[in-house]
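Student:
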Amino acid sequence: MWRLKLVCPHADCNKRELISAGIHQKVRQVVDVSGFYNMASEYLQCTDCDRKVISWSHDILSQLDVGHRVQFPCILTAMLACDMQVILLLRNRGLGNSSSKIQKKLEEQHSEAHLKKQLHYLNDCKGFSDAMKTGLVVNIAF
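FYI, in the numbering used here the residues of the sequence shown are 44 to 185.
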């Protein structure tokens with residue numbers, strides 16, 4: 044996407060360029076401040092040794108300049124993923140601002156975002172319900 048040359052991180056390889064080898068089979072669910080989102084990753088394959096490397100590995104990210112690295116919205120690990128906004132909240136911990144307090148704050152914000160989505164959905168349902176009463180659309184089960 045950025046037209047950057049990424050090379051194979053393995054020591055016994057000749058630093059050959061990596062090419063795309065498809066999407067990684069596991070999609071990560073990322074914790075965000077207002078909810079969750081999904082993040083897919085790409086496999087990269089060496090043209091010399093044919094080994095595959097996941098695109099979010101430290102060996103690959105360390106080849107990027109700072110300007111490109113800061114464009115990643117989250118931190119991915121083998122098991123979990125966390126948005127950078129949540130990481131910033133965790134960095135600002137201090138007296139009276141424990142990780143459990145931040146967790147409760149995130150749960151509250153997730154609940155508020157979910158409530159807004161439900162209200163939006165129900166408002167759209169009301170419009171269809173009114174249209175059913177006037178005969179504009181056939182009966183719809185919500």
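Where a beta carbon is used, it is the ideal one built from N, C-alpha and C, also for glycine. Owing to the predicted nature of the structure, the values given are computational and were not obtained by experimental measurement.
(1) Should C51 go down as buried or exposed, given a rule of 16 or more other Cβ atoms within 10 Å for buried?
(2) Measuring only the C-alpha atoms, how far is Q152 from Q161?
(3) Go through the segment 123 to 162 residue by residue and report every complete run of the beta strand (DSSP E) that reaches 3 residues or more, in order.
(4) What are the residues that DSSP puts in a beta bridge with N81?
(5) Would you report the Cα separation of V103 and P116, rounded to the nearest angstrom?
(6) DSSP state of K95, grouped into three classes?
(7) Measuring alpha carbon to alpha carbon, tell me which residue in S77, S142, V180 is nearest Q128.
(8) Quick check: M82 and L119, are their CB atoms within less than 8 Å of each other?
(9) Over the uninterrupted beta strand (DSSP E) stretch that includes L107, give me the two end residues.
(10) Tell me which residues share the same chain as T90 and place their Cβ nearer than 7 Å to its Cβ, disregarding the 5 neighbours each side in the sequence.
(11) Using 8 Å as the threshold, is the C-beta distance between D126 and V70 below it?
Tutor: Quick look at the numbers:
(1) That one is buried.
(2) A straight-line Cα-Cα distance of about 14 Å links Q152 and Q161.
(3) You should have 124 to 126.
(4) According to DSSP, which records beta bridges pairwise, N81 is partnered with Q72.
(5) Looking at the sequence itself, residue 103 is Ile, so the reference to Val does not match. Going by the C-alpha atoms only, they are around 16 Å apart.
(6) DSSP places K95 within a strand segment (E or B) once states are collapsed to three.
(7) For the residues S77, S142, V180, the minimum Cα distance to Q128 belongs to S77.
(8) Taking 8 Å as the Cβ cut-off, M82 and L119 qualify as a contacting pair.
(9) Annotation for L107: no beta strand (DSSP E) segment contains it, and DSSP assigns it neither H nor E.
(10) Cβ-Cβ distances below 7 Å link T90 to R59, E60, I62 in the same chain, with the five nearest sequence neighbours on each side left out; the list follows chain order.
(11) For D126 and V70, no; Cβs fall outside 8 Å.
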